[in-house]
Amino acid sequence: MDYNLCTQEKCQITNNTLINSLAISNGCIIRIQDSKNIYVSDLITINTTAETANTLQINTSVNITIRNIKSLNSQGNGAAIYLNGGSDYDIQNITAINSIDKALKFYQIQNSLIQDVYIQKSLPLSTYGTCMEMVLSSKIQFNNFTSDQNYGNRQLIYIVTSENIYFSNSLFSNNQVDDSASGVYIADSNYIYFENITYFQNYAQNQAPALYISSVNTLSLINILFENNYSAFENGSTFIYGSKKIKIHNITCYNNLAYSKGGSIYIDSSLEIDIYDINIEFSQTERDGGGIFFYNSINIQIIKGILKNNKSVNKEGGALTIDSCQQIYIENLNFYDNSSKKGGSVAISNSYYTHINNIKISSSQSQSIGGGIYLREIYHFIFNNIQVYNCESVQGGGGIYMTQAQDGEIYGVKIYQNISFMGNGGGIFMSDECDNIQFEKVDIYGNQIYSGGFGGGVYSSFNQYIMFSELQISENQGAEYGGGVYIEKQKKLVFQNSIIQEHQYSQKNDLKEGGGMYIEQLQYYIQTNVTFIQNKVENCGGSQKFQNVSDIIIKNSLYIQNSVQKQGYEKYDLEGGSFSIMGTKNILVENSQFLDNFAYKQGGAISIIDTQDLIIKDCSFENNQVYYVKNMSNYSKKAGYIFTLGGGIYIQQVDINLQLNMKIKNSVFKQHQASSGGAIMILLQPQTDSNFEFQDLHFQNNIADIGPSIRFLGDQKQYFQNILSNKQDYNLVLEQEKGILEQQEIFYSFYKNEYLLSSSSYQFQLCSKGLYLQKGGQNYCNICSAGAVCEGGYTPIYPKKQYWRSDLDSYNFIECENNYEACLGNDTCKEGYKGPLCEQCDIVNGYNSNGNDCDECSTKLYVSFKFSLISFAILVLIGYQMTGIKKKIEKILLSKTIFNLWDIPIKNSTILSGILKIFIMHCQIIYLIANFNVDVPQINQVLQVLDQRELLDYILCSCICFMLTLQPGLLQSSLLYASCRKIDDILYSSADLNIKCDETVYLKTVFPCTILSIFILSLVFPVFCGILE
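Every position in the sequence shown, counted from 1, becomes a number in the numbering used here once 22 is added.
The following block contains the structure:
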């Protein structure tokens, strides 16, 4: 039925049915042309076929109302409705099932409402628009539009060159196309609106199974659900290309899948994109953009959303990928449990002006790099208030991976508890010409790498200028080098107002060097107001290790309880409790404090090797140490003794071509300890040119074997002699400094048993057991002397058993030939013995001579008894002499008379008979024995006095007899006191080895008295006795 130019006020066409109809061209039930005010309802076509319209065709009409149209198993270009021109259509309750070609077709219609549309199981005949085709239309509103189980070659719903198209409360499900857009395709249109739409389980062989938007100006997607859509190639649900003013609010994408370019949404070459409250879950792509992918677009704003459990299998961005875009703003997004090859949750590449604020990324994984975020060639970006935690990467950047990035500000960011399994940078990885990147108020803690690589918290390599300000870097683990930060091959690095703490070597954390920071091959390093606390490494640089850094400036920094703890030091450097520097040209350390730091071998606070210009000023060093047992006996410092260097500072020049200019000014060194150089140890090479300026230094309570304040080994020892001799000129304070082996506070030479490792170096080692060196600094140690024990190390050479030496510095060991048992060795005499060769008795401690032995003195009671007994014996002896003199004289005279009578014949005989001589000798002996009677005088005989003269003669005679008894012994003692005995080139008095012959007491007292005694006993007394006789 044709209605042409129907302009009645109200025309109604109802209840028409067409079954099993075939038309060559237009074969619809109703065709309306150039009409208005028509009401059409209840039209049904079943099994009909037409070239164009099948059920209802309306051309250039106005104000047309259409209700209850059904097209079942019909074929045509608009099997249910074909509208060609016109406006103000009110269409409701349209059903098209099993349509072939196009179910609905709209061309150049305007200002129309189409609602309650149900299209199911349509099949294609043409290439596009199997469900609906709309061209050159405007102001069209679709409400409650359902497209289900339809199949087409491409674009089931096809809308082009239209504007003001509005879809609401609609469902697109279970549709399938061989090419793209099994849901809706819109191109070259303006003002397109979708609201309350569900795209469920649609499939496209090529791309965009749910929604395909191309070249649309002003697109709005509000409250949209994309679920279980699948593209065998690109765009798991939605593709937006070449469009602008895109508004996407309250979007949920769930379980969408594509091979590449966005598991759910792909936006390409578009402008002004506003996304708010987006939720993307379980979306997946084999390549880029597991959730949503932006490419070559400008002015992107994403605010509020959750992206979780999304995955990019082999490419970048598990949840969000942005490539070649500009002016990006992202805020209030939560990412978790996403995964990809690069950038577990987020990947941004080749983009400009990116601002990301207040996002969280957690529990994301990367098969390669960037467990949370992957950034490549990103320029002019700001990251603010970002948290990246519990993310994992295999090859680097457990939290963030950044490469070729420039002009970035990362502010208020927390990177924590991320893991890199086989690469570097547990928290952050930066490489390849990153420049002008500023980190401020960033917390990086608890990150970990498992491969033993570099940078537990941050890794930066081949970059230009990086600045870290107000950072908290702590408790990152797993790195062998740079527990907190690792920087290499970079131009400039600035660290300020930051804290780096608690990166510690353990059995599970093999942190070798640079506990807080490891920096290598850098041009400029500037550090201001940075605190390093309780960083601990195995080998070198408790808090920092610098290797080949051209210029280092450290100001206003604090180092507390950092340490190098590995033992078995002979295999390792074990230096720099606070920091270790090697191969740096210029170093400035100013207004900094070093407290309680420790290194096992050298440089308890600082170790510096090979520098040119070193300035340390306005610094405080306190209680920094290297390994040293301060209460160890010198005799325990044997071969194998761990000698350590520089409790506070250790400085060494290996390269003799480098001139060392060193200034240490206005600094304090307290309570340091080391074997050599308690506070400072300086070790240069022969012929090293150097200049020193030490001024306003305070050393207090430092302890060392040698050089408690400073030990210097080099050619410029004269300077250190001067500052020691002229301390006031240098304002040098040495207070309570303690040298164990050498008391001199500043020591500038070698000590005993120190031998050079080579003639071209002042590095030294200690003699082994069985060797010694009397004067240190030689090339070889000497074989131990006979009679000595050489334990090696710093243990002094000492006599073995049965040997003695004059003092502890003597190397002449003398055998104790008179009393072996008294010489116990080790400069020790047996108890009760002392003095040279241990031959004297220790009278002070209660020992006295008993023949060759020294026995302990008896008790006072015994001594009193003995004295009384001896005194009584002397009195008896004197009484005996007084009373027995006469009888002895008589017997002697009688003996001489008889002897002379018997001797006359012998004297006159010319031949002496041996038998006669023997006979006379026997007779003499018999005579003497027969008359040898001891007459003990009676007391009355002793006390009897005849007269005064007889008494005086009696007393004089008794004294002479008593002196005759003592004279030989006294003379012998005097001769012994006068004679000297040479022991180890020292002359001692033979009678008393406590007296040295060159001492004043001997020369002015002992010797004159003994000469006088000898003169009296040997000359005066005999002459006197002769006169009396």
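From the three backbone atoms N, C-alpha and C, an ideal C-beta is built for every residue, glycine too. What you are looking at is a predicted structure, and each value in this text was computed from that prediction instead of being measured.
Please go through the same chain and pick out, in chain order, the residues whose beta-carbon is closer than 7 Å to the beta-carbon of residue i, but skip the five residues on each side of it.
{"i": "Tyr487", "result": "Asp457, Asn458, Lys513 and Lys514"}
{"i": "Ser1010", "result": "Inspection of the sequence shows that residue 1010 is occupied by Tyr rather than by Ser. If we look at Tyr1010 and ignore the five residues flanking it on each side, its Cβ neighbours are Pro858, Cys1002, Arg1003, Ile1017, Lys1018 and Cys1019."}
{"i": "Ala1013", "result": "Ser995, Leu998 and Tyr999"}
{"i": "Thr1032", "result": "Ser996, Tyr999 and Ala1000"}
{"i": "Gln323", "result": "Ile295, Asp296, Ile297 and Tyr351"}
Helix, strand or coil, according to DSSP, for residue i in the structure here?
{"i": "Phe817", "result": "The identity of residue 817 in the sequence shown is Thr, whereas the question assumes Phe. It is coil, neither helix nor strand."}
{"i": "Val1064", "result": "One cannot answer for residue 1064 here, as it falls past the ends of the chain, which runs 23 to 1051."}
{"i": "Leu342", "result": "strand"}
{"i": "Val1023", "result": "helix"}
{"i": "Cys860", "result": "helix"}
{"i": "Tyr358", "result": "strand"}
{"i": "Tyr464", "result": "Reading off the sequence, residue 464 comes out as Val, not Tyr. Val464 falls in the coil class under three-state DSSP."}
{"i": "Glu843", "result": "helix"}
{"i": "Leu998", "result": "helix"}
{"i": "Ala810", "result": "strand"}
{"i": "Ala701", "result": "coil"}
{"i": "Asn1054", "result": "Any question about residue 1054 goes unanswered here, given that the chain covers just 23 to 1051."}
{"i": "Tyr140", "result": "strand"}
{"i": "Asn656", "result": "helix"}
{"i": "Tyr423", "result": "strand"}
{"i": "Gln615", "result": "strand"}
{"i": "Asn37", "result": "strand"}
{"i": "Leu260", "result": "It should be pointed out that residue 260 corresponds to Thr in this sequence rather than to Leu. Three-state DSSP puts Thr260 in a strand."}
{"i": "Ser1035", "result": "helix"}
{"i": "Ala895", "result": "helix"}
{"i": "Ser782", "result": "coil"}
{"i": "Asn744", "result": "helix"}
Buried or exposed, going by whether 16 or more other CB atoms sit within 10 Å of the CB of residue i?
{"i": "Glu759", "result": "buried"}
{"i": "Lys32", "result": "exposed"}
{"i": "Phe1037", "result": "exposed"}
{"i": "Ile41", "result": "exposed"}
{"i": "Ile432", "result": "buried"}
{"i": "Ala895", "result": "exposed"}
{"i": "Gln740", "result": "exposed"}
{"i": "Phe616", "result": "buried"}
{"i": "Asp465", "result": "buried"}
{"i": "Ala808", "result": "exposed"}
{"i": "Phe461", "result": "buried"}
{"i": "Asn37", "result": "exposed"}
{"i": "Ile289", "result": "buried"}
{"i": "Thr1027", "result": "exposed"}
Can you name, in chain order, every residue of its own chain whose Cβ lies under 6 Å from the Cβ of residue i, other than the five neighbours on each side?
{"i": "Phe734", "result": "Ile704, Phe742 and Tyr770"}
{"i": "Leu158", "result": "Gln130 and Thr183"}
{"i": "Asn196", "result": "Asp170, Gln171 and Gln223"}
{"i": "Ile933", "result": "Residue confidence is low: Ile933 scores 43 on pLDDT, short of 50, so the model does not pin down where it sits. Its coordinate-derived value is still stated next. Excluding positions up to five away in sequence, the list is empty."}
{"i": "Leu778", "result": "Phe786 and Asn801"}
{"i": "Asp864", "result": "Gly854 and Lys856"}
Would you mind working out which of the options sits nearest residue i, comparing C-alpha positions?
{"i": "Gly205", "options": "Ser237, Thr168, Leu241 and Ser211", "result": "Thr168"}
{"i": "Asn224", "options": "Asn172, Leu65 and Ser782", "result": "Asn172"}
{"i": "Met654", "options": "Ala895, Glu644 and Phe665", "result": "Phe665"}
{"i": "Pro818", "options": "Ser579, Lys660, Ile214 and Ile262", "result": "Lys660"}
{"i": "Gln549", "options": "Asp532, Asn561 and Ser520", "result": "Ser520"}
{"i": "Arg398", "options": "Gln426, Phe261 and Gly418", "result": "Gln426"}
{"i": "Asn775", "options": "Lys530, Cys812 and Ser482", "result": "Cys812"}
{"i": "Pro730", "options": "Asn748, Gly799 and Lys652", "result": "Lys652"}
{"i": "Ser390", "options": "Asn372, Glu414, Ile383 and Leu147", "result": "Glu414"}
{"i": "Gln796", "options": "Phe772, Leu992 and Ser93", "result": "Phe772"}
{"i": "Cys641", "options": "Gln348, Asn446 and Phe691", "result": "Phe691"}
If you drop the 5 nearest sequence neighbours on each side, which residues of the same chain put their C-beta closer than 8 Å to that of residue i?
{"i": "Asn656", "result": "Ile762, Leu763, Tyr816, Thr817 and Pro818"}
{"i": "Asn834", "result": "Arg827, Ser828, Asp1006 and Asp1007"}
Rounded to whole angstroms, how far is the Cβ of residue i from the Cβ of residue j, which I believe are closer than 8 Å?
{"i": "Thr260", "j": "Leu233", "result": "4 Å"}
{"i": "Gln469", "j": "Gly421", "result": "Correcting the residue identity first, residue 469 is Asn in this sequence and not Gln. The pair is a contact, with the Cβ atoms about 6 Å apart (cut-off 8 Å)."}
{"i": "Asn245", "j": "Asn272", "result": "5 Å"}
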